[in-house]
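Counted the way the UniProt record's numbering counts, the sequence shown spans residues 1 to 220. C-beta atoms are modelled at their ideal positions from N, C-alpha and C, and glycine is treated no differently. Note that this is a predicted model, so its numbers are computed, not measured.
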Amino acid sequence: MTTQHHLDDATLLRYASGDLDSAFTMVVAAHLAMCDKCRKAARDAEEIGGHMMDHVAQAPVSDDAFERMMARLDSGADEQIEVDLPKKSAPDSDVPLPLRALIGDHMDDVRWRLVAPGVRKYEIQQGKKGESSLYMLNISPGMAVPEHGHGGAEMTLILSGAYRDKLGVFGPGDVADLDEDIEHQPIVEPGEACICLVATEAPTRFKDLIVRLMQPFVRI
Ligand SMILES: [Zn+2]
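1) On the criterion of 16 or more Cβ atoms from any shown chain inside 10 Å, does T200 qualify as buried, or is it exposed?
2) Assuming N138 contacts A193 under a Cβ cut-off of 8 Å, what Cβ separation, rounded to an integer in Å, is found between them?
3) Give the straight-line distance between the Cα atoms of E47 and S93, rounded to the nearest whole angstrom.
4) Tell me which residues share the same chain as Y135 and place their Cβ nearer than 7 Å to its Cβ, disregarding the 5 neighbours each side in the sequence.
5) Consider the C-beta atom of T2 and the heavy atoms of ligand 1; say whether any pair is separated by less than 7 Å.
6) Rounded to a whole number of angstroms, what is the C-alpha to C-alpha distance between P172 and H55?
7) Quick check on DSSP: helix, strand or coil for E154?
8) At the level of alpha carbons, what is the spacing between V110 and S160?
9) Checking 8 Å against the spacing of the C-beta atoms, do V188 and M155 come in under that value?
10) Per DSSP, G168 is paired with what?
11) Assign T200 to one of three DSSP states: helix, strand, or coil.
12) So if DSSP puts V188 in a beta bridge, which residue, or which two residues, is it bridged to?
13) Measuring straight from C-alpha to C-alpha, what distance separates H184 and M34?
14) Could you tell me the distance, in whole angstroms, from the CA atom of Y15 to the CA atom of V28?
15) From the DSSP output, read off the bridge partner residues of M136.
16) Kindly list the residues whose CB is nearer than 7 Å to the CB of D8, restricted to its own chain and excluding five residues on each side of it in sequence; keep chain order.
17) Quick one: does the C-beta of K37 sit closer than 7 Å to a heavy atom of ligand 1?
18) Given a cut-off of 8 Å, decide if D174 and T3 are closer than it, judged by their beta-carbon atoms.
19) How should I195 be labelled, buried or exposed, when 16 other C-beta atoms within 10 angstroms of its C-beta is the threshold for buried?
20) Beta strand (DSSP E) containing V115: first to last residue?
21) Could you give the residue range of the alpha helix (DSSP H) that holds L102?
22) Quick check on D9: does DSSP put it in helix, strand or coil?
23) Applying the 10 Å Cβ sphere with the 16-neighbour rule, what's the burial state of L32?
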């Protein structure tokens with residue numbers, strides 16, 4: 001199995017500078033655990049991010065991003081991913097390492113909730129309210145992936161099974177790193193349910209939209 005769909009460069013840079021919130025950070029970390037190519041790119045991005053932070057003091061990132069990035073640089077990217085992991089080893093686990101602390105070692109243990117015929121969901125509880133949401137979907141073969149969240153970025157990592165949309169086939173390890181402008185209607189491939197990890201931006205986050213709406217006026 002080869003990963004075909006990778007993280008966006010901008011996402012890697014934001015991850016490296018600690019500017020992604022916890023839901024997106026988890027999807028990125030889970031993909032990095034499955035993808036050598038992006039893991040290398042993330043390491044490069046951390047170096048570039050370090051240089052950028054040196055020169056751009058007023059960058060629009062969260063207050064403690066610099067400290068978090070420095071902590072990450074000090075510890076090394078791979079060690080960062082391993083920080084919150086359970087001590088026990090799980091050689092037969094089918095869950096990417098960073099995700100095990102949240103959902104356990106086996107996909108079979110996930111307590112799915114039926115949300116529509118053929119569609120089961122597991123909401124992953126996170127620390128802070130009002131941030132992006134993180135959840136898993138388990139969708140039966142041949143089903144369309146339901147509409148889920150609008151007005152913000154969305155990142156989906158395929159854990160097992162596959163779906164197809166106009167961008168191609170997404171299988172295990174592939175990540176759909178989409179901004180709000182992309183409309184797509186994924187259909188799960190026949191034969192096996194598609195299990196994926198999804199981060200969606202909180203719908204109350206209109207900051208980017210407002211900036212875009214203002215842009216034509218600012219240019220005058
Ligand atoms: Zn990748």
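For this structure:
1) buried
2) Contact check for N138 and A193: beta-carbon distance about 6 Å, within the 8 Å limit, so the pair qualifies.
3) 32 Å
4) K121, Y122, E123, I124, V198
5) no
6) The C-alpha of H55 is placed about 38 Å away from the C-alpha of P172.
7) Strand, per DSSP.
8) 14 Å
9) no
10) D165
11) strand
12) Y163
13) Straight-line Cα distance between these residues: approximately 24 Å.
14) 8 Å
15) In the DSSP output, where bridge partners are listed per residue, M136 has Y122, L197.
16) The answer, listed in chain order, is D177.
17) yes
18) Their beta carbons are under 8 Å apart, which means T3 touches D174 by this criterion.
19) Counting Cβ neighbours within 10 Å, I195 comes out buried, since at least 16 surround it.
20) Its beta strand (DSSP E) spans residues 113 to 116.
21) First-last of the alpha helix (DSSP H) with L102: 97 to 103.
22) Shown here, D9 sits in a helix according to DSSP, grouped into three states.
23) buried
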